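Data first, discussion second: the structure below is written as structure tokens.
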Amino acid sequence: MSFLPKPKLHHPGLGCNSLGFTKRDYEGAVSTLCAGCGHDSISAAIVRACFELDLPPHRIAKLSGIGCSSKTPTYFLGNSHGFNAVHGRMPSVVTGANLANRDLIYLGVSGDGDSASIGLGQFAHAMRRGVNMTYIVENNGVYGLTKGQFSATSDKGAKSKSGATNKDEAIDLVGMALQLGATFVARSFSGDKGQLVPLIKAALSHKGAAFIDCISPCVTFNNHQGSTKSFDYVREHNEAVNFLDVIVEKEEIIVDYAPGATEIVRQHDGSLLRLRKLGESDYDPSDRAAAFTFLEQRKAQGEIVTGLLYVDPTADDMHDLLGTTTTPLNELSEATLCPGGTVLDKLNASLR
Amino acid sequence: MLQIVKNEGTAVSVIAAVNDFVVKFANVNGSGSASANQLFAKSIIRMGVPVAPRNIFPSNIQGLPTWYEMRVSEAGYLGAREGTDLMVAMNPQTWDQDIASIVPGGYLFYDSTKAIPHSKFRDDINIIGMPLTELCNHEYSDPRQRQLFKNIIYVGALAALLDIEIEVIETLLKEQFRAKEKLIPPNIHALHVGRNYALTHLTCPIGLTIRRSNEVGDRISIDGNTAAALGAVYSGATVAAWYPITPSTSLVEAFTKYCGRYRVDKETGQNNFAIIQAEDEIASIGMVIGAAWNGARAFTATSGPGISLMQEFLGLAYFAEIPAVLFDVQRAGPSTGMPTRTQQCDLLAAAYASHGDTKHVLLFPEDPHESFLFGAEAFDLADRLQTPIFVMLDLDIGMNERLCRPLTWDDSRRMDRGKVMTSEELNTAKDFGRYLDTDGDGIPTRTYPGTHPTRGAYFTRGTSKDRYAKYTESGAAYVDNMQRLLAKFRTAETLVPAPQIRSADTETKIGAIYYGSTSAAMREAQDILTKHNIDIDLLRIRAFPFNDDVRNFIASHEQIFVVEQNRDGQLRSMLINELEINPAKLKRAVHFDGSPITATNIIDKIAGFLPAAQILEARSAL
Chain A
0 MSFLPKPKLH HPGLGCNSLG FTKRDYEGAV STLCAGCGHD SISAAIVRAC FELDLPPHRI
60 AKLSGIGCSS KTPTYFLGNS HGFNAVHGRM PSVVTGANLA NRDLIYLGVS GDGDSASIGL
120 GQFAHAMRRG VNMTYIVENN GVYGLTKGQF SATSDKGAKS KSGATNKDEA IDLVGMALQL
180 GATFVARSFS GDKGQLVPLI KAALSHKGAA FIDCISPCVT FNNHQGSTKS FDYVREHNEA
240 VNFLDVIVEK EEIIVDYAPG ATEIVRQHDG SLLRLRKLGE SDYDPSDRAA AFTFLEQRKA
300 QGEIVTGLLY VDPTADDMHD LLGTTTTPLN ELSEATLCPG GTVLDKLNAS LR
Chain B
0 MLQIVKNEGT AVSVIAAVND FVVKFANVNG SGSASANQLF AKSIIRMGVP VAPRNIFPSN
60 IQGLPTWYEM RVSEAGYLGA REGTDLMVAM NPQTWDQDIA SIVPGGYLFY DSTKAIPHSK
120 FRDDINIIGM PLTELCNHEY SDPRQRQLFK NIIYVGALAA LLDIEIEVIE TLLKEQFRAK
180 EKLIPPNIHA LHVGRNYALT HLTCPIGLTI RRSNEVGDRI SIDGNTAAAL GAVYSGATVA
240 AWYPITPSTS LVEAFTKYCG RYRVDKETGQ NNFAIIQAED EIASIGMVIG AAWNGARAFT
300 ATSGPGISLM QEFLGLAYFA EIPAVLFDVQ RAGPSTGMPT RTQQCDLLAA AYASHGDTKH
360 VLLFPEDPHE SFLFGAEAFD LADRLQTPIF VMLDLDIGMN ERLCRPLTWD DSRRMDRGKV
420 MTSEELNTAK DFGRYLDTDG DGIPTRTYPG THPTRGAYFT RGTSKDRYAK YTESGAAYVD
480 NMQRLLAKFR TAETLVPAPQ IRSADTETKI GAIYYGSTSA AMREAQDILT KHNIDIDLLR
540 IRAFPFNDDV RNFIASHEQI FVVEQNRDGQ LRSMLINELE INPAKLKRAV HFDGSPITAT
600 NIIDKIAGFL PAAQILEARS AL
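So the protein sequences, as listed, match chains A and B.
Using numbering that gives the first Met the number 0, you'd call the opening residue of the first sequence number 0 and step up by one each time.
Using numbering that gives the first Met the number 0, you'd call the opening residue of the second sequence number 0 and step up by one each time.
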């Protein structure tokens, strides 16, 4: 499949954001994924989130690993630098990139094979280091490019398209992210744009490791009866605990929800997360331990919990922990970096 | 009380040498002997006599045998040498092998507190017993002091036995404990306890002595890992990602130390560097690639097993053209091999790292001085060539303090960041194609992420792409790209450090090619051979790709020995492959038992190919 550029023309009525960009300025090449793929909905949600947040496209770096999900960065943010790393190793490349320039916004896109199998170690360590990034796993429970093998997030007992039953326990990346110290943890569904776009906006505004596990059905290999990652199954078992609005500081805050049912969280960058609680539960996303318990209980009942599951709005990121200069390291010059000849002469003298 | 034991009846031959002998200390790992042994070595260097010390140590933390071998050589030969002239036997575990390693007529210095059966000695060596434990027990009540000062006491005794100026050692102790002054008097006291005992009870000096000389000059003592780390500091490396592995660990430790000293902003306390201990070597190189892609100078330090793990990423860095610097401090492989023993065994794994067609630039420093130079140069080369650069150290260079030329830095030097387009340049340029060969040198132009709102963004990938970085599976575009990478490698040939030739005094058709830590032993071997009328020209390779000097050197000699420290002759294979040399012309002269190569090793290996009479003569002179 070759690269398909999109025409630059757009409808004159297309709206602009505060930077003067239209949504088209955040799009990429035409997707080459299967028609109806959940991943394309996530790409569209990323485009919309970046547009609505007024992010300059070139200040975002998008990175991925290998697999269907990792192909998607070609299909959004065409004015951003992109990087397809090797399979399962996007987190280390993002970590390095972030070390070099702390001022860019880092978006890592991965899949369940990429992050829960070959790259489980790198996923874990990026979370525990607090790399300031948005890490989206486009989770379809299946290896698409190699034609339908189970992945490590396939539920025990799930059926493959060819009729085989998955015998192994599923890895729950949300549970792992919570345990590993991620400071923003969410789950969503590619079929629920209303939930997903605000979650991506909140994650992009978050300082620290922000993780979104996004169930994204594979229309070709994992959308059949007996699959627990099909559109129908996820719709039937989706239990959203909250609904999120992201308000950047310049907007006027209008609280239009009944008191008690809404919570406002202020993040490092000044953005406000307005959380409307849904359903019967009184879910508290600031309580990491309670999140574990809730997720386990609902999982036992066959429910897929979605929404913003945990957030620490004032977390330190990797640079805070390292004590790195506020100037991006890639901007430092010889004057700052090189100790010079006189220092070396002294050093020589001490080595005689 | 034992003094010098003369064995009954037989007259023991006695080695006599001034400023030219080997002293070996047999110690127990973790007993605090290292600093005392270094003190001893440094005192000889301060007397102007070159010394090459080497640590020989097991893969272990505490309790196993460890040796510190010092070659004293006024002639300046810093390679290892077989045989021990003076053995300081402080480890009962290794007694038998230590005794066996002493040359006939050599000396054994040992702790005579406990009686050792006569059968445990040899009758052709000179035995010097000193009741070290007894002396310590008498002087100190604290067991820890007894252990630590025992080391200083034997240094004091050795100073008397070898006629080392005691003031020199006193000065060194004062310098060493400048920050902890109260430690100076007890150390000096211990030194004199040992010295006075020796002067009173032993025959001083023995046949081996140190005489003040002027052969050290302005040289410094530093290990290669520290020097390489300083190279990284000086050339502006800001990101280090690594995973602990012997013998490379001390390189990142040194980088950390010097960044702490020179790279912390005095006003804000903020760090102008970032060091990450990664979860494994795969993540280390991934972080280096990410940082370098994003415009920081980044490196990792590792050894053979780490290079193996990094293979896939190295193919990406080659194909996607990302600068990256790797310090490979080689140790004996394969697998875990001998982790604390030296070899030059990663050449092929590094030069052709990864699947598919790849070629990587390698630099071969011969000593710490060049480790610094090449360590700094590697970052310019990586940026200029947009590709990984390997600095190939080994345990012998990396972990031993070596006398070498002082480190120098030209303050007018600027980082060569290579072809990077700025926002202004993107505004005025008519075209940006990430993989366009605009200058005909195979090197394209890159942009850093975040540079310009609408121009210069591109997608970096390991899949095939066209000159504008667009994904394509077109065979023609793939071939075009691979051929350009080859053209870039030819450009690298003109930028890397050129080989150095050391010609024999007389014209000869025999040549030897060598690299890295083989240097000292090779030059010594050449001198010995010359004395016996065997002339041999030397060519020291300092980098891969090889340039025309290498080609011409091989063409202008009839017989070439490729001297290296691995089993298979890895450099020889590369020369044959890359320069299309007839294999019969290149003789393999390899040493690979994990010990540093010696002049004797080299002469032995080439002996089979040279006139027998001459070689015998040269060999006997060793």
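For every residue, glycine included, the Cβ atom is placed at its ideal position computed from N, Cα and C.
Fair warning: this is a prediction, and the values are worked out from it, not measured in the lab.
Reduced DSSP secondary structure (H/G/I, E/B, other) of residue i
i: N59 (chain B); result: coil
i: C258 (chain B); result: helix
i: D255 (chain A); result: Because the pLDDT of D255 (chain A) is 49, which lies under 50, any placement of that residue in the model is unreliable, and the question is left without a value.
i: A28 (chain A); result: coil
i: P582 (chain B); result: helix
i: P103 (chain B); result: strand
i: A48 (chain A); result: helix
i: C67 (chain A); result: helix
i: K173 (chain B); result: helix
i: I559 (chain B); result: strand
i: M86 (chain B); result: strand
i: W241 (chain B); result: strand
i: V342 (chain A); result: helix
Distance CB(residue i)-CB(residue j) smaller than 8 Å
i: A43 (chain A); j: T94 (chain A); result: no
i: R45 (chain B); j: V167 (chain B); result: yes
i: D84 (chain B); j: F20 (chain B); result: yes
i: L98 (chain A); j: G449 (chain B); result: no
i: N329 (chain A); j: N293 (chain B); result: yes
i: Y317 (chain B); j: P405 (chain B); result: no
i: V48 (chain B); j: I284 (chain B); result: no
i: T490 (chain B); j: G441 (chain B); result: yes
i: T324 (chain A); j: N271 (chain B); result: yes
i: L585 (chain B); j: I575 (chain B); result: yes
i: R622 (chain B); j: Q499 (chain B); result: What is shown of chain B runs 0 to 621, which leaves residue 622 (chain B) out entirely.
Alpha carbon of residue i to alpha carbon of residue j, nearest angstrom
i: L308 (chain B); j: M286 (chain B); result: 14 Å
i: W408 (chain B); j: A231 (chain B); result: 12 Å
i: L38 (chain B); j: R330 (chain B); result: 27 Å
i: A519 (chain B); j: L77 (chain B); result: 6 Å
i: P258 (chain A); j: V141 (chain A); result: Below a pLDDT of 50, predicted positions are generally treated as unreliable, and P258 (chain A), at 49, falls in that range; the measurement from the model is reported next regardless. Roughly 42 Å separates the two Cα atoms.
i: L629 (chain B); j: V13 (chain B); result: For residue 629 (chain B) there is no data in the structure shown, the boundaries of chain B being 0 and 621.
i: L336 (chain A); j: A375 (chain B); result: 13 Å
i: C213 (chain A); j: F230 (chain A); result: 12 Å
i: R383 (chain B); j: P443 (chain B); result: 10 Å
i: C15 (chain A); j: L76 (chain A); result: 16 Å
i: I252 (chain A); j: Y105 (chain A); result: Below a pLDDT of 50, predicted positions are generally treated as unreliable, and I252 (chain A), at 49, falls in that range; no measurement from the model is reported.
i: Q342 (chain B); j: L570 (chain B); result: 13 Å
i: K160 (chain A); j: N221 (chain A); result: 6 Å
i: D171 (chain A); j: S285 (chain A); result: 20 Å
i: I139 (chain A); j: A253 (chain B); result: In the sequence as presented, Ile is not what sits at residue 139 (chain A); that position holds Asn. So the two alpha carbons sit approximately 46 Å from each other.
i: I303 (chain A); j: R297 (chain A); result: 7 Å
i: G339 (chain A); j: G259 (chain B); result: 16 Å
Cβ shell of residue i (< 8 Å), same chain only, five flanking positions each side left out
i: D255 (chain A); result: Here D255 (chain A) scores only 49 on pLDDT, less than 50, and its place in the model should not be relied on; the value that follows carries that caveat. Nothing meets the Cβ criterion.
i: T71 (chain A); result: S30, L32, H38, D39, I41, S42, S63, V108, E137
i: P204 (chain B); result: A159, L160, L161, D162
Residues near residue i in its chain [Cβ-Cβ closer than 6 Å; skip 5 each side]
i: K206 (chain A); result: N131, H267, D316
Neighbourhood of residue i by C-beta, 7 Å cutoff - its chain only, sequence neighbours within 5 removed
i: R445 (chain B); result: Q385, K418, V419, R433
i: E262 (chain A); result: L274
i: A289 (chain A); result: D283
i: D352 (chain A); result: Any property of residue 352 (chain A) remains undetermined from this structure, which presents chain A solely from 0 to 351.
Any non-hydrogen atom of the ligand NAP closer than 7 Å to residue i Cβ
i: P595 (chain B); result: The ligand content of the structure shown is nil, which means the ligand NAP is not present either.
Query raised in the report: Does the region 71-91 of chain B come within contact of the region 105-117 of chain B, defined as at least 3 CB pairs closer than 8 Å?
Result: Contact check between the region 71-91 of chain B and the region 105-117 of chain B: three or more CB pairs, one atom from each, fall below 8 Å, which counts as touching.
Query raised in the report: Can you find at least 3 beta carbon pairs, one from the region 265-281 of chain B and one from the region 79-95 of chain A, that sit closer than 8 Å?
Result: yes
Query raised in the report: Do the region 521-530 of chain B and the region 588-601 of chain B make contact, defined as three or more Cβ pairs closer than 8 Å?
Result: yes
Query raised in the report: Per the contact definition of three or more C-beta pairs closer than 8 Å, is the region 297-312 of chain A in contact with the region 190-199 of chain B?
Result: no
Query - Contact between the region 347-358 of chain B and the region 305-320 of chain B (3+ Cβ pairs under 8 Å) - result: yes
Query raised in the report: Looking at C-beta atoms only, is the number of pairs between the region 180-197 of chain B and the region 139-156 of chain B that lie closer than 8 Å three or more?
Result: yes
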